[in-house]
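When we follow this note's numbering, the leftmost residue of the sequence shown carries the number 2, and every step to the right adds one.
Glycine included, C-beta positions come from ideal geometry on N, C-alpha and C.
If you're wondering where the values come from, they're calculated on a predicted model, not measured in any experiment.
One structure below.
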Amino acid sequence: MTQSKTNGEKFESYKTETLLHWYEQTKIVAKKSSFMNKEITVLDQIQHILSDKDRLVTRSTQNRSGTAVFGTEDVPETHSQLFNDDDFYQQLLREIIDKKMGNIDTNDPDAMGRQWVELEKLKVKSKKKVVDTKASKGRKVRYDVHSKLLGFMAPITVDTLSDQRQDELFSSLFASNL
């Protein structure tokens, strides 16, 4: 029992040191985030979240997408085999959008309009290229046009044998009289 207590204490101290180390590393990069309240330490924030485990478990096991559990036909509202972290990703998405929007006053329609135009310009830049959907399945012949040959001339053969000598050669090869 004392061995497990000392291992637990070692792990707890390691966990605390690691969390504080990486919190300090990311605090420099991350600006104000709803996940990171600057007045409360990261350990207190984690302790606060874990204090209401029932709420945490029910929110993370909710079936919001309406998906059936593998091997069954029914669609449960909660299931122990599901893990739903939509809340986390929605919050991250909100932060990214806020960061892209910058410090724009939501009450100023001109600033929001300018920001909207900038976002639309970004969308135009990342448009998909146009693809001819009718060209698939061999319905359209694909070919590349080669450039014209320049200075092409048929080869000139220089025969050292006369016609009579060629006839003798072929007749000896094929054993027939030509």
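>> Assuming His49 is part of the alpha helix (DSSP H), what are its boundary residues?
In response: 43-52
> Hey, how far is the Cα of Lys141 from the Cα of Phe71?
Replying inline: 43 Å
> Helix or strand or just coil, what does DSSP make of Ile98?
Replying inline: helix
> Does the beta-carbon distance from Gln116 to Asn85 come in below 7 Å?
Replying inline: no
>> When you compare the CB of Glu13 with every CB in chain D, is at least one pair closer than 7 Å?
In response: Absence of chain D from the displayed structure is noted, only one protein chain being present.
>> Please state whether the Cβ-Cβ distance between Val76 and Gly67 is less than 7 Å.
In response: yes
> Which residues in the same chain have their Cβ closer than 8 Å to the Cβ of Leu179, if we skip the five residues on either side of it in sequence?
Replying inline: Low confidence applies to Leu179: its pLDDT is 47, below 50, so where it sits in the model is not reliable, and the reading given next is rough at best. Closer than 8 Å at the Cβ level, and outside the excluded window around Leu179, lie Asp168, Phe171, Ser172.
> Per DSSP, what kind of secondary structure is Gln82 in: helix, strand or coil?
Replying inline: coil
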